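Comments concern the structure below.
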Amino acid sequence: MISKEILNDTDAVYNFMDGEKVLGYLEIRLVDGVLDIMNLFVNEEERRKGIATSLMNEVIEKEDYSRIMLEVNEHNDEALRLYTKLGFTEISLRERYYGEDTAIIMEKVK
Ligand SMILES: CC(C)(COP(=O)(O)OP(=O)(O)OC[C@H]1O[C@@H](n2cnc3c(N)ncnc32)[C@H](O)[C@@H]1OP(=O)(O)O)[C@@H](O)C(=O)NCCC(=O)NCCS
Numbered sequence: 001m002i003s004k005e006i007l008n009d010t011d012a013v014y015n016f017m018d019g020e021k022v023l024g025y026l027e028i029r030l031v032d033g034v035l036d037i038m039n040l041f042v043n044e045e046e047r048r049k050g051i052a053t054s055l056m057n058e059v060i061e062k063e064d065y066s067r068i069m070l071e072v073n074e075h076n077d078e079a080l081r082l083y084t085k086l087g088f089t090e091i092s093l094r095e096r097y098y099g100e101d102t103a104i105i106m107e108k109v110k
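Sequential numbering from 1 applies to the sequence shown in our numbering.
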C-alpha cells in the first residue's frame, strides 16, 4: 500500500508500506508547478519488484504539476533505466555534482 505524508507547504513523502513496515519511499517538492524528485529509495532486499515504479507512477498520476525534474548520478544505471522507462529525458548535465561524478538532469513534461 502507498501512503502520502504531507511534510509542509511544498514537500511530501510517499511511503510504500507492507503493514507497518516501510519498504521504500519517494520524497517530492512541488513549487510553481515544477515537481522535484528529492529522494527515492527502496530497501535493498525489496529491489527489482516494481516498488520504485509504483511510487513514481503514483506521483505521476496523482500530483498536479506541469513538469517533473530530477538529478541522477551518471553511474546509477538502475535509476537511469527506471527513469528512462517512465518517460524521463535528459535535459542537461552538472559536472562534478556528486564529487567527481556528473549529475544528469532529467525531465518529464505532463
Ligand atoms: C533505483 C531504485 C530506487 C530502484 O528501485 P526498484 O524498486 O528496485 O525499481 P523497480 O523494481 O521499480 O525497477 C524498475 C526498473 O528500473 C530498472 N532497474 C531497477 N533495478 C535495476 C537493476 N539492478 N539493474 C538494471 N535495471 C534495474 C529496470 O529497468 C526496472 O524495470 P524491469 O525490472 O522491468 O527491468 C533502487 O535501486 C534504490 O533504492 N537504489 C538506491 C537509491 C537510489 O539510487 N535512488 C535513486 C536516486 S536518483
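Backbone N, C-alpha and C fix where the C-beta goes; we use that ideal spot for every residue, glycine too.
Treat the numbers as computed from the prediction; the structure is a model and nothing was measured.
How long is the line joining the alpha carbons of residue i and residue j, rounded to whole angstroms?
{"i": "residue 69", "j": "residue 105", "result": "7 Å"}
{"i": "residue 48", "j": "residue 12", "result": "24 Å"}
{"i": "residue 110", "j": "residue 67", "result": "6 Å"}
{"i": "residue 108", "j": "residue 10", "result": "19 Å"}
{"i": "residue 90", "j": "residue 51", "result": "23 Å"}
{"i": "residue 98", "j": "residue 18", "result": "32 Å"}
{"i": "residue 101", "j": "residue 81", "result": "18 Å"}
{"i": "residue 78", "j": "residue 88", "result": "14 Å"}
Could you check how far apart the C-beta atoms of residue i and residue j are, in whole angstroms? I think they sit under 8 Å.
{"i": "residue 43", "j": "residue 23", "result": "5 Å"}
{"i": "residue 2", "j": "residue 14", "result": "6 Å"}
{"i": "residue 83", "j": "residue 30", "result": "Not a contact, Cβ separation roughly 18 Å."}
{"i": "residue 59", "j": "residue 28", "result": "6 Å"}
For the beta strand (DSSP E) that contains residue i, what are its first and last residues?
{"i": "residue 115", "result": "The first residue shown for the chain is 1 and the last is 110, placing residue 115 beyond what the model contains."}
Under DSSP, the alpha helix (DSSP H) around residue i begins and ends at which residues?
{"i": "residue 65", "result": "Taken as a continuous stretch (DSSP letters only), residue 65 belongs to no alpha helix (DSSP H), as it is neither H nor E."}
Please confirm if residue i has its CB atom under 9 Å from at least one CB of chain D.
{"i": "residue 110", "result": "The structure shown contains no chain D, having only a single protein chain."}
Taking the alpha-carbon of residue i as reference, which of the options has the nearest alpha-carbon?
{"i": "residue 38", "options": "45, 56 and 18", "result": "56"}
{"i": "residue 74", "options": "94, 64 and 87", "result": "94"}
{"i": "residue 41", "options": "54, 63 and 101", "result": "54"}
{"i": "residue 4", "options": "46, 62, 79 and 32", "result": "62"}
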